[in-house]
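2 protein chains.
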Amino acid sequence: MKKLLALLVLMPALGWAQTNEDSIFIKKISDDVFQNGCAYELLRDLTKNVGGRLGGSPEFAKAIQWGKKAMGTLGANKVYLQPCMVPRWVRNGKNDKVAVVALNNKPTLKPLDALALGNSIGTPTEKGITAEVFAINDFDQLEKYKDHIKGKIVFYNYHFNPTNINTFTSYADAVRYRGGGASRAAKYGAVGMIVRSMSESTDNNPHTGDMEYNDSFPKIPAVAIGLQDADKLWKICQLSTSVKVNINTHGKKMPDVPAANVIAELKGNEFPDEIITVGGHLDSWDVNEGANDDGAGVVHTMEVLRVLNALGYKPKRTIRFVLFADEEKSGRGAQKYADEAKAKGEKHLFALESDAGGFTPRGFSFAVPPSAWNKLNAWKVLFEPYGGSRFVVGGGGADTEPLQDAFKTPVAELNPDSQRYFDLHHSRADVFENVNRRELLLGAVNITALIYLVDKYGL
Amino acid sequence: MKKLLALLVLMPALGWAQTNEDSIFIKKISDDVFQNGCAYELLRDLTKNVGGRLGGSPEFAKAIQWGKKAMGTLGANKVYLQPCMVPRWVRNGKNDKVAVVALNNKPTLKPLDALALGNSIGTPTEKGITAEVFAINDFDQLEKYKDHIKGKIVFYNYHFNPTNINTFTSYADAVRYRGGGASRAAKYGAVGMIVRSMSESTDNNPHTGDMEYNDSFPKIPAVAIGLQDADKLWKICQLSTSVKVNINTHGKKMPDVPAANVIAELKGNEFPDEIITVGGHLDSWDVNEGANDDGAGVVHTMEVLRVLNALGYKPKRTIRFVLFADEEKSGRGAQKYADEAKAKGEKHLFALESDAGGFTPRGFSFAVPPSAWNKLNAWKVLFEPYGGSRFVVGGGGADTEPLQDAFKTPVAELNPDSQRYFDLHHSRADVFENVNRRELLLGAVNITALIYLVDKYGL
Chain Z
2 MKKLLALLVL
12 MPALGWAQTN
22 EDSIFIKKIS
32 DDVFQNGCAY
42 ELLRDLTKNV
52 GGRLGGSPEF
62 AKAIQWGKKA
72 MGTLGANKVY
82 LQPCMVPRWV
92 RNGKNDKVAV
102 VALNNKPTLK
112 PLDALALGNS
122 IGTPTEKGIT
132 AEVFAINDFD
142 QLEKYKDHIK
152 GKIVFYNYHF
162 NPTNINTFTS
172 YADAVRYRGG
182 GASRAAKYGA
192 VGMIVRSMSE
202 STDNNPHTGD
212 MEYNDSFPKI
222 PAVAIGLQDA
232 DKLWKICQLS
242 TSVKVNINTH
252 GKKMPDVPAA
262 NVIAELKGNE
272 FPDEIITVGG
282 HLDSWDVNEG
292 ANDDGAGVVH
302 TMEVLRVLNA
312 LGYKPKRTIR
322 FVLFADEEKS
332 GRGAQKYADE
342 AKAKGEKHLF
352 ALESDAGGFT
362 PRGFSFAVPP
372 SAWNKLNAWK
382 VLFEPYGGSR
392 FVVGGGGADT
402 EPLQDAFKTP
412 VAELNPDSQR
422 YFDLHHSRAD
432 VFENVNRREL
442 LLGAVNITAL
452 IYLVDKYGL
Chain X
2 MKKLLALLVL
12 MPALGWAQTN
22 EDSIFIKKIS
32 DDVFQNGCAY
42 ELLRDLTKNV
52 GGRLGGSPEF
62 AKAIQWGKKA
72 MGTLGANKVY
82 LQPCMVPRWV
92 RNGKNDKVAV
102 VALNNKPTLK
112 PLDALALGNS
122 IGTPTEKGIT
132 AEVFAINDFD
142 QLEKYKDHIK
152 GKIVFYNYHF
162 NPTNINTFTS
172 YADAVRYRGG
182 GASRAAKYGA
192 VGMIVRSMSE
202 STDNNPHTGD
212 MEYNDSFPKI
222 PAVAIGLQDA
232 DKLWKICQLS
242 TSVKVNINTH
252 GKKMPDVPAA
262 NVIAELKGNE
272 FPDEIITVGG
282 HLDSWDVNEG
292 ANDDGAGVVH
302 TMEVLRVLNA
312 LGYKPKRTIR
322 FVLFADEEKS
332 GRGAQKYADE
342 AKAKGEKHLF
352 ALESDAGGFT
362 PRGFSFAVPP
372 SAWNKLNAWK
382 VLFEPYGGSR
392 FVVGGGGADT
402 EPLQDAFKTP
412 VAELNPDSQR
422 YFDLHHSRAD
432 VFENVNRREL
442 LLGAVNITAL
452 IYLVDKYGL
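Protein sequence lines correspond, in order, to chains Z and X. Our numbering numbers the first residue of the first sequence as 2 and each following residue consecutively. Our numbering numbers the first residue of the second sequence as 2 and each following residue consecutively.
As structure tokens, then:
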């Protein structure tokens, strides 16, 4: 009895009967996903048979066809491609090579496991570039020692902050060095940049990812090294008066190429013009299988479609299932989706993204008007049995942002537990084997429940 | 402002100032654990240098010495062994072998990956036993077909229920077949028992574990097979009129041997006679490294000790850090601990156990008097930043039960997320590599916070 009273107190916006009906339907969603879910097998297929699929690559073109075909089997009213141009960058076949080649002017050879950052230029000649390393902790030290940088390779050994429980907070802090560190060093005459990977992993895998040049300064090659090698290089730099490193990479920007978002639709029965979007991004980095980033979001999206169909659910609103193109390098797929929605005068009620991995769900972050929180707070109790009841103020991800900008569309993102994400993110370790079946499916259960509630009650 | 009001409403039992002081101290715990935590490295040492440590084995004797030595480095007032006798069972060196050897009376050889269950007798001769398989889903079918069992090997293909979000619920249901299935089949004349592993894993690892004979019926050998082999064997049985299997195992009960609980103490400054216990079990199964079961609980326990010391915390009550002996086969270590406490007339305020893996924490289950819930509900908000705020009615684990029985001591158990646990539990896959560092440490943060609050405010 006490429990019932507590529920009523917590649910000002919905009556008990309604909520009970919803909890029964969400249990049906959950049972069906755990008994008949396709997400794990689709992820196996995507990661093992398509594999790494950098936006603009031939592998990405294959992924688009894979997505269209797979979505076609899940009972949508229509499945189509939304063409867009995406930038292309190639690592250029050859292995990225980085090595300590001289200590105090004595030759040595200590290879470091490295990956060129996405968008980085390659080194200019067959021999790569060889220069003295200038090791610093952060941008403050860069400014302090700016007169010592010229002709050197700057090594940013900036650490991921281990004390943030939400590891995305530490990532947002550390990623500044990957994204802008090269140009900031080039401003003071650096000829190359090495960055400590944005991770707390216990292995030595380097983590690649997007970087951007500031056109005011010369472009210099930029690479990431793993944590064990970063610690090693830092120590060597502390113990030696001169450390020379050779960087040999081959990255190259190519002309834009045609690509596409893959879209499936379940047409609304009452308000077909009101659109709810759920999606993830189809592209990944080239060095892994993109299992958590963002194969999980791709198959979450497909699982929502499958289970709603399997349960015979007839949506009030039109639900769009979108596999976005090229999130990693440009966000062009998401931009195209929002631009076309604007051009057509579409009404976008809500957009939800899954781009934080296939780990056990904790909840969602929302960017919604304050008025929507009454409904959300009333719904939380429905998510408690499925682990996704932590609803926080935040936002969607990169792929819902253009829609938010265009229409002030309320957006959200699934928040899986973040402890393991940056062990794998953008590294060779982001493979199928590092996704757990039940955790992945539980994410899909929570997303489907939220889409169902927004469809039924609006937001 | 709204947030502050919400906190005050949620905290009837504690003033704001107190809670603020506590949240600051818990943040210190968390920061120190993530910056200086030893749990992960201790787990590496235990799993890689001691390894599997079945209660009563020479490896377990080594683990006791390891535990005593390791606890001795963490700043306890005293570290000691509490001797107890434990049963001994040996798999007997040789590999457990199970194979389909005839289909419809035509010889064949299809090996199945199998593990003898703990306490099972071995097969009587060098050749093992060969008999026809009788495949059933559950005990209902056993009763229905009891006249067809004689002279056969019963194969229970009972499935782990995938629809329970808490996988321990499915385990409690399925484990009846492992624990009592052999004797129930022997009652009707079965000569051997094969059980589908209690798991939903996607691999084919068999999962061993404790079984008990009912002395009213003949003892028959009992083995577990992995899920892929269980599906294969089931299918073969459906398609054939006669399937013969050979079981060749060597399990043997030996005389009891001396062992010990490992205990460290931080002496209380105000109420030294009031004892708070925190612990996990030091033994594991023999076929793996016991990383999650229960290496995680062992190093959680040690981390609580380390961090309280590192922060200079002076407990009001006496805190005991206990590594229990032989949870898996007998619970004798826990029984000894409770018996001795009773004999000495000790006062046990609270006991907390970690024996559900090193996964990201979700909360705790409690068996406490109703009056304690006011305090617990007020504390929940302090655990929200660390993921462990789901406080549910339940109980401790097997190692706190004797204390509960003896003193009605309030008990609790850490509830990590359970999605991955039974993929690994009692199988060869329960190794160090399947524990994530941050998830493990986050468990220790939540446990330490709870121990700190109980020590400070009582329960």
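Ideal Cβ placement from N, Cα and C applies to all residues, glycine included. This one's a predicted model, so the numbers in the text were calculated from it and none came from an experiment.
- Classified as exposed, X:Pro125 has fewer than 16 neighbouring CB atoms from the shown chains inside 10 Å of its CB.
- By the criterion of at least three beta-carbon pairs nearer than 8 Å, the region 144-152 of chain X is not in contact with the region 171-179 of chain X.
- Within the region 18-46 of chain X, the residues whose Cβ lies closer than 8 Å to some Cβ of chain Z are Ser31, Asp32, Phe35, Gln36, Tyr41, listed in chain order.
- Taking all protein chains in view, the Cβ of X:Ile226 is crowded by 16 or more other Cβ atoms within 10 Å, so the residue is classified as buried.
- Z:Tyr159 and Z:Glu275 have their C-alpha atoms some 46 Å from each other.
- Counting only the Cα atoms, X:Val263 lies some 18 Å from X:Pro88.
- Only Asn437, Arg438, Arg439, Glu440, Leu443 from the region 429-451 of chain Z bring a Cβ to less than 8 Å from some Cβ of chain X.
- Taking a 10 Å sphere around the C-beta of X:Thr74, we find fewer than 16 other C-beta atoms and assign the residue as exposed.
- Annotated three-state conformation of X:Gln83 is strand, per DSSP.
- Contact of X:Thr209 with chain Z by beta-carbon distance below 7 Å is absent, the smallest such distance being about 22 Å.
- Between the alpha carbons of X:Val436 and X:Ala399 lies a gap of roughly 22 Å.
- Contact annotation for X:Glu201 against chain Z: Arg438, Arg439 [CB-CB distance below 8 Å, chain order].
- At least one C-beta of chain X is nearer than 8 Å to the C-beta of Z:Pro386.
- Z:Ala260 and Z:Asp230 have their C-alpha atoms some 37 Å from each other.
- Around the CB of X:Asp406, fewer than 16 other CB atoms lie within 10 Å, so the residue is classed as exposed.
- Across the structure, X:Asp216 and X:Lys188 are spaced so that their CA atoms are roughly 10 Å apart.
- Just measuring C-alpha positions, the residue of Z:Lys98, Z:Asp32, Z:Gly53, Z:Lys409 sitting nearest Z:Pro371 is Z:Lys409.
- Taking the CA atoms as reference points, Z:Phe161 sits about 16 Å from X:Ser31.
- Z:Ile25 counts as exposed, since fewer than 16 other C-beta atoms from the protein chains shown sit within 10 angstroms of its C-beta.
- Each of Z:Pro207, Z:Tyr157, Z:Ser202 was checked against the Cα of Z:Arg185, and the nearest Cα belongs to Z:Tyr157.
- Around X:Thr48, no beta-carbon contact reaches into chain Z at under 9 Å, the shortest distance being about 14 Å.
- In chain order, Phe35, Gln36 make up the part of chain X whose C-beta sits under 7 Å from the C-beta of Z:Pro163.
- With 16 or more other Cβ atoms from the protein chains shown falling within 10 Å of its own Cβ, Z:Asp97 counts as buried.
- DSSP places Z:Arg438 in the helix class (H, G or I) of the three-state scheme.
- From the beta-carbon of X:Ile166, the residues of chain Z found nearer than 8 Å are Ser31, Pro386, Tyr387, Gly388, Leu443.
- By the neighbour-count definition (other C-beta atoms within 10 Å, threshold 16), X:Asp141 is an exposed residue.
- Z:Met199 is positioned such that its CB atom lies closer than 8 Å to that of Z:His208.
- Of the other Cβ atoms in all chains shown, 16 or more fall within 10 Å of the Cβ of X:Gly68; this residue is therefore buried.
- X:Met255 and Z:Gly38 have their C-alpha atoms roughly 47 Å apart.
- Take the alpha-carbon of X:Thr250 and the one of X:Lys147: they are about 25 Å apart.
- CA-to-CA, the gap between Z:Asn247 and Z:Ala100 works out to about 5 Å.
- Looking at X:Arg321, X:Gly397, X:Asp418, the one whose alpha-carbon comes closest to that of X:Asn78 is X:Arg321.
- DSSP, reduced to helix, strand and coil, places X:Ser331 outside both helices and strands of the structure shown, so it counts as coil.
- The DSSP assignment places 297-311, 333-344 as complete runs of the alpha helix (DSSP H) inside the region 289-362 of chain X, in order along the chain (cut-off: 4 residues).
- For X:Ala183, the enclosing alpha helix (DSSP H) starts and ends at 168-187.
- The beta-bridge partner set that DSSP reports for X:Asn158 is empty.
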